[in-house]
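These notes concern the structure reproduced below.
There are 2 protein chains.
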Amino acid sequence: MDLNKIEHLGIAVKNIEESLKYYEGVLGLKCYAIEEVAEQKVKTAFLKVGDTKLELLEATSNDSPIAKFIEKRGEGVQHIAFAVNGIENALNEVIEKGIKLIDEKPRKGAEGLDIAFLHPKSTGGVLTEFCEKNN
Amino acid sequence: MDLNKIEHLGIAVKNIEESLKYYEGVLGLKCYAIEEVAEQKVKTAFLKVGDTKLELLEATSNDSPIAKFIEKRGEGVQHIAFAVNGIENALNEVIEKGIKLIDEKPRKGAEGLDIAFLHPKSTGGVLTEFCEKNN
Chain A
50 MDLNKIEHLG IAVKNIEESL KYYEGVLGLK CYAIEEVAEQ KVKTAFLKVG
100 DTKLELLEAT SNDSPIAKFI EKRGEGVQHI AFAVNGIENA LNEVIEKGIK
150 LIDEKPRKGA EGLDIAFLHP KSTGGVLTEF CEKNN
Chain B
50 MDLNKIEHLG IAVKNIEESL KYYEGVLGLK CYAIEEVAEQ KVKTAFLKVG
100 DTKLELLEAT SNDSPIAKFI EKRGEGVQHI AFAVNGIENA LNEVIEKGIK
150 LIDEKPRKGA EGLDIAFLHP KSTGGVLTEF CEKNN
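For the record, the sequence lines run as chains A and B. For the first sequence, my numbering assigns the number 50 to the initial residue and increments by one for each residue that follows. For the second sequence, my numbering assigns the number 50 to the initial residue and increments by one for each residue that follows.
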């Protein structure tokens, strides 16, 4: 397993514009991109902090995973994404170790990354994403 | 405001030893320190990943904030800690911007850092810590 770093933290928010008042206006971070990921029914806003990113996630539909998360737990950290080298091998490795996956094969995520989610039931309640820049 | 990076992510766990089976055994990270913070009624385990850390937090008492968190929301990410330059100035700046604090003055946290928590009601549900290496 070759985990490089935390690529980003996914934070479920009700409204990106409102949240940016805090992340930009108070913390002084800078939003450098807003992107819609139609497949996931979310709008995302990215802010860089050090070597990692915050990804604010707003639901674009009531049946979006983010809408469900907020309904159940309120706004807050929804997932951790680790940058890995060799995402397919990493997924095979965790499967062999008994981890349940949400995505058995990588798919396209925000910023064009190859991504896959591990199931929070296997990861101590922390929804966990592996991601890799594709070549 | 001078935020350098995410210093660590605090993750509430029921049992550090069990959780290390995942973080070390599956993800291949390395726990380099286990420390008790008596004042907070927690035992902490630190793992490095890239330029930041994961801090696993286990309650040492039923009235620990971590025990309450797990009772309410289950295991998962409990807080984000940002490394700041000039923690006192940073706290004054966020107070001026209307943010509610849990700690108005820095206090000692794990690894000897000066730390202070912002109230999640002011930060979109994300319990947020500022921390600084003291000189």
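Heads up, the beta-carbon is just placed ideally off N, CA and C, and yes, glycines get one too. Please read all numbers here as calculations on a predicted model, not as lab measurements.
- Message: Taking its Cβ as the centre, do 16 or more other Cβ atoms sit within 10 Å of Ser68 (chain B), making it buried, or is it exposed?
- Response: buried
- Rounded separation between Asp152 (chain A) and Ala165 (chain A) - CA only: 5 Å
- Using the C-alpha atoms, what's the distance from Pro169 (chain B) back to Leu76 (chain A)? 14 Å
- Task: Below 8 Å CB to CB, which residues in the same chain sit around Thr177 (chain A) once its five sequence neighbours on both sides are set aside?
- Result: His128, Ile129, Ala130, Phe131, Phe166, Leu167 and Pro169
- Where Val175 (chain B) meets chain A, residues with beta-carbon distance less than 7 Å: Ile60, Gly125 and Val126
- Query: Cα-Cα, which of B:Leu52, B:Ile55, B:Tyr72 and B:Thr172 is closest to Gly174 (chain A)?
  - Reply: B:Tyr72
- Near Pro155 (chain A), what residues of its chain come up, given a Cβ to Cβ distance below 6 Å and the 5 sequence neighbours on each side ignored? Ile136, Asp163 and Ala165
- Three-pair Cβ contact test at 8 Å for the stretch 88-107 of chain B versus the stretch 84-103 of chain A: yes
- Task: For the stretch 80-98 of chain A, enumerate the residues whose C-beta is nearer than 9 Å to any C-beta of chain B, in chain order.
- Result: Val98
- Closer than 8 Å, Cβ to any Cβ of chain B: which residues of the stretch 106-135 of chain A, in chain order? Arg122, Gly123, Glu124, Gly125, Val126, Ile129, Phe131 and Ala132
- Task: Please determine, among A:Glu181, A:Glu142 and A:Tyr81, the residue with the shortest C-alpha to C-alpha distance to Gly158 (chain A).
- Result: A:Glu181
- Under 7 Å Cβ to Cβ from Glu124 (chain A), same chain only, skipping five residues before and after it: list those, please. Ala61, Val62 and Lys63
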